[in-house]
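Colleague: I'd like to ask some things about the structure below.
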């Protein structure tokens, strides 16, 4: 069972699910691990916006999770370098009230992730 499905509360539904970009398969670490490392990273990472919060989980043995209510998020920032803009990947940074700041690199279509977060006010 996926992590996100196990932590959804009553009345909560997934609005958007992001993935890691395919470029993670073309790094030196990917070549050294015979593509096992990026495959595990792809399978064990979840980036979800629900109608109530953002849920992000990375890692398998060493797990990192971020679950933040939408009302507690000040902004979702996107950083893209030149290749990121060309190929469609970037880093999203979630900034919460009180200065909480978490960054997640190599997200596919990060501008769409930010747009879906911003659209939740309209719904």
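Numbering (my numbering), first residue to last: 2 to 124.
In this text, a Cβ means the ideal position worked out from N, Cα and C, and glycines have one as well.
Starting from residue 48, follow its DSSP beta bridges and name the residues at the other end.
Modeller: According to DSSP, residue 48 bridges with 19 and 57.
Colleague: Expressed to the nearest angstrom, what Euclidean distance is found between the alpha-carbon atoms of residue 52 and residue 92?
Modeller: Cα to Cα, residue 52 sits roughly 22 Å from residue 92.
Colleague: Indicate whether residue 49 and residue 10 have their beta-carbon atoms separated by less than 8 Å.
Modeller: No.
Colleague: Alpha carbon to alpha carbon, how far is residue 41 from residue 31? Give it in angstroms, no decimals.
Modeller: Distance between the alpha carbons of residue 31 and residue 41: 11 Å.
Colleague: Report back the beta-carbon spacing between residue 69 and residue 87 to the nearest angstrom; my notes put them in contact at under 8 Å.
Modeller: That pair is no contact at about 30 Å.
Colleague: Assign residue 85 to one of two classes, buried (16 or more other C-beta atoms within 10 Å of its C-beta) or exposed (fewer than that).
Modeller: With 16 or more other Cβ atoms within 10 Å, it is buried.
Colleague: Quick check: the Cα distance between residue 12 and residue 34, rounded to an integer number of angstroms?
Modeller: Each residue's alpha carbon lies about 41 Å from the other.
Colleague: Can you grab the Cα-Cα spacing for the pair residue 17 / residue 117, in whole Å?
Modeller: Cα-Cα distance, rounded: 7 Å.
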